[in-house]
Structures are given as structure tokens and as C-alpha cells.
Amino acid sequence: MRGWAGNILDINLTDGAIDVLPLDHEMARLFLGGRGLGARLLWDLVGPEVEPLSPENVLIFTTGPITASASQTSNRFNVSTKSPLTDTILHANSGGWWGMQFKRTGYDALIVRGRAEKPTLIEITAEGVSLQDATHLWGKTVFETTEALGQDRNKRNVLCIGPAGENLVRIAAIMNDKERSLARGGAGAVMGSKNLKAIVVEGTQKNQPADKEQFKFMLYETGKLLKASPLTSQALPEFGTAVVMNVVNEIGALPTRNFQQSQFEGADQISGETITDTILETNQACWACPITCTRITKTSSGKEGEGPEFESAWAFGAQCGIDDLDAITEANYLCNDLGLDTISMGNTIGCAMELAEKRLLHSDLRFGRADLLPGLISDTAYRQGLGNDLAEGSFRMAAKYGAPELSMTVKKLEMPAYDPRGMQGQGLVYATGNRGACHETGNMLGPEVLALPRLIDRFATQGKAGIVSVHQNSAAVIDSLVYCKFANMAVAEEFFARTLTAVTGETFTADDLMMVGERVWTLERLYNLREGFTKADDTLPDRLLNEPVAEGPSKGFTAQIPPMLEEYYAFRGWDKNGVPREKKLKELSLQFAIEVAE
Amino acid sequence: MKIKLYGGLRQKAGVAEREVSGATLREVLEEMCAENTALRTAIFAADVLAPHVRVMINGRDSELADGLETHLSPADQIAVFPPIAGG
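Protein chains in written order, with this note's numbering: chain A, 38 to 635; chain B, 596 to 682.
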């Protein structure tokens, strides 16, 4: 294969049919792969009439044209589906080894339809594709399942769900390579609804570049850039992603106790610096990645595992008022083993803590109760007691107890670790997120805090819409190639375009890539409009819009969404209600979706 | 006034916080780096801040004030971050 394998594996679990479809080359050029290809296929396969947990929903696993090419960070892959948490389009991506290995089986994508009669696993090897009985694995945890199926780092890779996915927990993740996750939006529950426990892959094919000399040159140049940047060669390897904990806290944008405050007095105890000083055992890298940001850690009780990443440390830390790093780290391990999204889990527990403190929920749960984390997480995965409410995610739980306004969500997806009142652009990213409140689809931490590529005033609103749009488009194309966004801290889109050209033998420029990003973002928007979402969904929780921050560097600020939103729609070529205009669809070759346009 | 250090700067300084004095941010940072070449090299590139180093004054990036020439008062809180990334 040269970039694209040209094949889509199509499995219907209801009748056991296994087909191979040709990848439409024009579609591949327009959407590349990963998140873009997933969105394009989902548009055709899953309409508004489909319930997310019904057999009619599909799971679409996609790789990109650079996946498995050995270009730096070319290990990532994507899953697309309709979310049971948000009812929006969902994309989630993950690193590790599985994506590379799946690509080596000779497919660009895997579509899983229907529902198996009994627990099933899919195995894809050089010998062929088979559906196997997985009854003996049903009920087992992620770690048990991964081990039982013979995970072997570079040869045989396991993707599976844990008890949370089996029990249709709306914040369940799909896990791969034991501790990597397709975390957000409840894709694990969709997999559970299909009675699909695992997908095991063993590949033998190679993604060989069309222009080997140019590819080698790009490997060399990209390697130089990653090495020269102190961000990718020092900061991430030395302290991991949680090194941003202190700076986000310092500026007064670290959501604390369910976003009631924006600074946490225990931030340093749960930061990347403290992780490195106290529990870090060693670093680990995903396949073909020189950055090595993964933390392998060991708590004082002797438990070992991956993480926590920044968002997870925040979710079980500041969001829950907990500064016990051991407890946070073990909560992270437990989520990985049971197959749960750490951000949504921690955010939802924080919401429950506030409900309990306000006596809306009868429980001894309180902010700071680190001792309760393991029981709450386990109960969520098995839907026991209060865990059955937590399993519905923050919004549905808060609504049940009569206080939906205490849910810190956008489109029912739990917000990550930035308070929009202290980062106005990040607020716009959350409000307009196609999968809900998400930092991965246009994170403004770079320009608003770290001066990447240059500093802009985090409290300003005018002019933010254009920057947010460009960041969103950039994230969408990186998710479609599929590269790691950390590589983009040192390597510009122009280099990605040159590598893509070398791999596929077809010319792509940086402008081409940015247009792919805009195309993907716009198609996701159209998908949500077709589902019935409107401008009214592009907003933030009332607390962030109307309650000024009480103390610290963001004191007095609220999130100013309406003026930014107006500017945002105009910048994107959408009408005042956020509906893309027909002209924009033609410009982006999205005429097939014209029914939804203005 | 108090200066807080983060990331690898702590190891270079041997402490996470220091008390320093000075009328401007430049004076304060220069005092902190006096007799510590490793720390100075990590913070300064010649006479400007090294690439990706961020200095916050009361939670606001010094670049949005007068940079190294920003005038300080004794109650100001300074935080110095080496190149960091994540999220």
C-alpha cells in the first residue's frame, strides 16, 4: 500500500456477514482518513432516525494515509459513531500500537454494524477475518481481556471494552493496548450494545511510501524539528502532559470543585512536577514516536500503571477537590481497567459532590473524599447504587436530581480542565465543539497561555473566532491524517503535507490540508444539524456565563459566548443561526449534504 | 517579593520559591539568576527571555504588560515557567 490500502472491511454482527468494500479514492482525497473519513462514512450510514445504542448504529474504526508509515507519531487511529452520551456525531482517537497494526492488516477502515446474538470478538490476521465466541471474556476487565487475547506489543494488538462498555455506561471508553483509550463520548457503550467484546489484529503488510527518498528526507527533517523543540524534546518527556497543571492554575483557569472556583490550592501536589518527583517509574512511547510523554507510574501502595495525564489528574483532582496523588493515580488505573473515560468520570463525580453538598443528593459524598473514588468508579462501571446515576453522565444525573444547571457540560459532554471564564477562546471551542465540550478539537491553551505560536490576550473576545476556527480546522486535519497533536507543536502543517505527498505519491499542500480540516469540521456541523441540534446548543453552562469568578487572576470574568459566536458563524461562512451556506458547501465539495444547508 | 519556579527550573534553582527584590521584572530575574549560570541560561537568551519561557505577574503574562521592563510592587507574585506543553 502507498498511503491508502484501498479497502474497507465491513462486518455485520447480526448475520455474521464479512465484506470488503473498495475505498473511494475521491473520498479519500477529500477526507484523508481517521476522523474525516469516519465522518463521511457515518453521514451515509447513520441518520437521525437511529438510536445510538441500537443495532442500526455503526462503529467505524479508521486509520489515515500516514498510519503505519513510520513517520513520527503515525500510530494513531479513530473511531466514529453516533454518541449515546451526546446524540451528536462522535469521533475519538487513540495512540499506542493497535492503529498501526490494524493498518498492516490491509484495511483503511472497519465498519461494524448490527448486534451479535452473544458476546463476540473479531480477529483480523494474515489468515483472514473471523468472528469468535467471546462469552468466556464477557465480564472480564480490560487488563484481563487484553492479556487473555495475547497482546504482544508490535505483533498482536488488542482493542476491547471493559465492564463499563458491557453495561452500556454512557461514559464508557474503548481501550486499546491495555491502557490507551478512545475515551470520550461513550463509544464503549456502543461497542457493548453490539455484544462486541474485542477486536484483535495481527498485520503483515507495510505502508511503503511512494517516494522513498523524499520520505526519508521528511523523516530526517521532522526528527530534527522534534528534537530541536524544547516542548517535544524536553517538556513532554521530562514532566508529561500534567506539567501544564501549575500554569493553568497560576492564571486562574483551573476549574475547581465543579467549576465553583478557578484555582486549586492543591494544584502543585497533583502536577507533572510532583508526578515526576514521586511516582514516575519510567517513560513510554507510542509506536514510532520519539516524544515519550506517557508516564509509567507506581503508587505508594505498590500499584503500577499508565498515567495520570493532565486531564485525568485534574478530573479526579481539582474538579473533586482532591490533592492525594496516589488516590488520583489509582482512580486513573481503575478507569483504564474498567473501560471508563477519566475526564467524564471525574467531572461527573465532581458534579455529584456538589449535588450532595447542596443536599440535592442524599449521600455522604463531599469534595475532597478521595477514599470514595474507587467505590464510585467501580459502581459506575457495574451500574450499582449511585453508580447507576453516574453511569448516565453528569447532565442526565444532575437533571434527575433537579439541578441540570450544576452539570458542567456542553451538548452533554463533560468539560475538560480549563475554565472558559479565564480563557475566552477555550470557551468558544467548548461551545461550538461538534462532539460537545472538548479540548482536543482546537485547544486554545497554546495561543491563550503558552504563546504558541504567539500570545493573545486570554480575556479578549474580539478576533478570537478566526483563531478558534483555524485551530479547529487544524485539529480536524491532524485527526484525519492521523498524527498526534503534540507533534504539531514542533512540526507545521507544511511538513505534514510534504510527508503525505511522499507517502501517497499525490501532491498535497498545507492549504489543501487546512481545507480538508474545514471540510471535516463543516460536515460534522451538518451532521449535528441534521440530528436537530441548533444554535441554542452552542453555549456553556449558566454558571460560566453568569457567575463571575470570585477570586484570583480571573476575578470578575464570565464567559462571553454570544459576541464571539456571532463572529464565529460569520468567519466560517455560516448564517446567523450557524447553518453553513450553500456557497460554502460548494467551496468545500460538500454538495451531498446540501439538504441541511441554508 | 515571591517568585515561584516550575518545571525543570526548580532543580536548577534548588528551590521551588524564592524571595527577591527589584523594581522591574528584569532586576528581579537577574537577582535570582545571579551566581547561577544554569538558571540564567534556562531563563534568558542573551538579554531577553529564552524561547517559550513564560513569566506571569499575578497570573497575567508579562508580555501583555511591559515585558522585562514591567515595574513591580512588593506585593506582586511572580511565576516563571520553562518551556512546557501538554493538555
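Positions of the beta carbon are idealized from the N, C-alpha and C atoms, including for glycine. Keep in mind that this is a model prediction, so the values were computed, not measured.
In chain order, which continuous runs of the alpha helix (DSSP H) of length 4 or greater are located wholly inside the stretch 374-462 of chain A?
-> Whole alpha helix (DSSP H) segments, 4+ residues: 379-394, 410-419, 424-427, 430-437.
Are the Cβ atoms of M452 (chain A) and A474 (chain A) separated by less than 8 angstroms?
-> In terms of Cβ geometry, M452 (chain A) and A474 (chain A) form a close pair [threshold 8 angstroms].
Please go through the stretch 146-218 of chain A and give each complete alpha helix (DSSP H) segment of 4 or more residues, from N-terminal end onward.
-> Counting only runs of 4+ residues, the alpha helix (DSSP H) found wholly inside the stretch 146-218 of chain A occupies 179-185, 200-203, in chain order.
So, does the CB of N480 (chain A) fall closer than 8 angstroms to a CB anywhere in chain B?
-> Under the Cβ distance rule, N480 (chain A) counts among the residues neighbouring chain B, one pair being separated by less than 8 angstroms.
CB-CB length for G136 (chain A) against T110 (chain A), believed under 8 angstroms | Contact flag wrong, Cβ pair sits at about 11 angstroms.
Return helix, strand or coil for G342 (chain A), following the three-state DSSP convention.
-> G342 (chain A): strand per DSSP, three-state reduction.
Jot down the residue ranges of each uninterrupted alpha helix (DSSP H) in the stretch 251-280 of chain A, minimum 4 residues, whole runs only, in chain order.
-> Listed in chain order, they are 273-276.
Which chain A residues are close to A633 (chain B), counting only those with a beta carbon under 9 angstroms from its beta carbon?
-> Within 9 angstroms Cβ-Cβ: nothing; A633 (chain B) doesn't reach chain A, min ~14 angstroms.
Anything in chain B within Cβ reach of L563 (chain A), meaning under 9 angstroms, just list it in chain order.
-> The contacting residues do not exist; L563 (chain A) stays about 28 angstroms from chain B at best.
Cross-chain neighbours of R649 (chain B) in chain A, by beta carbon under 8 angstroms | Neighbourhood of R649 (chain B) in chain A, by CB distance below 8 angstroms: V284, V486, L487, A488, in chain order.
Min CB distance A641 (chain B) to chain A below 8 angstroms = Using a CB distance cut-off of 8 angstroms, A641 (chain B) does not count as an interface residue toward chain A.
Would you kindly work out how many angstroms separate the C-alpha atoms of F545 (chain A) and P669 (chain B), rounded to a whole number?
-> Answer to the nearest angstrom: the Cα atoms are 55 angstroms apart.
Per DSSP, what kind of secondary structure is N480 (chain A) in: helix, strand or coil?
-> Secondary structure of N480 (chain A) (DSSP, three-state): coil.
Partners in chain A for G682 (chain B), counting only beta-carbon separations shorter than 7 angstroms = Those are T278, V281, F347, H476, N480, L482, listed as they occur along chain A.
By Cβ distance, which residues of its chain are closer than 6 angstroms to W324 (chain A), with the 5 residues on each side in sequence left out?
-> Contacts found: N112, W134, M137.
Is F432 (chain A) close to chain B, meaning its C-beta is less than 8 angstroms from at least one C-beta of that chain?
-> So, not an interface residue.
If we ignore side chains and look at the alpha-carbon of each, how far apart do V237 (chain A) and L186 (chain A) end up?
-> Whole-angstrom Cα-Cα distance: 8 angstroms.
Could you tell me which chain B residues have their CB closer than 8 angstroms to the CB of L492 (chain A), listed as they occur along the chain?
-> Chain order gives the chain B residues near L492 (chain A) as D656, E658, L659, where near means a beta carbon separation below 8 angstroms.
Identity of the residue in A:V633, A:D548, A:T125, A:E531 nearest M255 (chain A) by Cα | Residue nearest to M255 (chain A) within the set A:V633, A:D548, A:T125, A:E531 is A:E531 (criterion: CA-CA distance).
Nonlocal neighbours in the same chain, by C-beta distance under 8 angstroms from V610 (chain B), ignoring five residues either side = Scanning its chain for C-beta atoms nearer than 8 angstroms, with the 5 sequence neighbours on each side dropped, one finds around V610 (chain B) the residues L600, in chain order.
Quick one: Cα of F180 (chain A) to Cα of G617 (chain B), how far?
-> Those two C-alpha atoms are separated by around 55 angstroms.
What is the residue span of the beta strand (DSSP E) that N130 (chain A) lies within?
-> For N130 (chain A), the enclosing beta strand (DSSP E) begins and ends at 126-131.
Distance between beta carbons of L659 (chain B) and L620 (chain B), contact taken as under 8 angstroms | Contact between L620 (chain B) and L659 (chain B) is absent: CB atoms are separated by about 12 angstroms, not below the 8 angstroms threshold.
Run down chain A in chain order and give the residues with a C-beta less than 9 angstroms from the C-beta of I673 (chain B).
-> Among the residues of chain A, none has a CB under 9 angstroms from the CB of I673 (chain B); the nearest is roughly 10 angstroms distant.
Apart from the five residues on each side of it in sequence, which residues of its chain come closer than 7 angstroms, Cβ to Cβ, to G554 (chain A)?
-> Contacts found: N510, S511, A513, V514.
Identity of the residues DSSP links to I673 (chain B) by a beta bridge | By DSSP's assignment, I673 (chain B) forms a beta bridge with B:I598, B:I652.
Determine the DSSP secondary structure at K572 (chain A), reduced to helix, strand or coil.
-> In this structure, K572 (chain A) counts as helix in the three-state DSSP scheme.
CA nearest to the CA of Y438 (chain A), picked from A:D456, A:K119, A:L392 | Nearest option by C-alpha distance: A:L392.
For I638 (chain B), which of helix, strand or coil comes out of DSSP?
-> DSSP places I638 (chain B) in helix when its eight states are reduced to three.
Rounded to a whole number of angstroms, what is the C-alpha to C-alpha distance between G387 (chain A) and K501 (chain A)?
-> About 30 angstroms.
For I288 (chain A), return the contacting residues in chain B, with the cut-off set at a CB-CB distance below 7 angstroms.
-> Those within 7 angstroms of I288 (chain A) in chain B are M651, G654.
Could you spell out the range, first to last residue, of the alpha helix (DSSP H) harbouring T123 (chain A)?
-> In the DSSP annotation of this structure, T123 (chain A) is not part of any alpha helix (DSSP H), being labelled neither H nor E.
What's the call for T157 (chain A), buried or exposed, on a 16-neighbour Cβ count within 10 Å?
-> Looking at its Cβ environment, which holds 16 or more other Cβ atoms inside 10 Å, T157 (chain A) is buried.
Compute the Euclidean distance between the alpha carbons of N614 (chain A) and T51 (chain A), then round it to the nearest angstrom.
-> Looking at the two C-alpha atoms, the distance is approximately 40 angstroms.
Should P292 (chain A) and D516 (chain A) be called a contact, given that it needs their Cβ atoms to be closer than 8 angstroms?
-> Between P292 (chain A) and D516 (chain A), the C-beta gap is not smaller than 8 angstroms, which leaves the two residues out of contact.
How is A65 (chain A) classed by DSSP in three states: helix, strand or coil?
-> Here A65 (chain A) sits in helix by DSSP.
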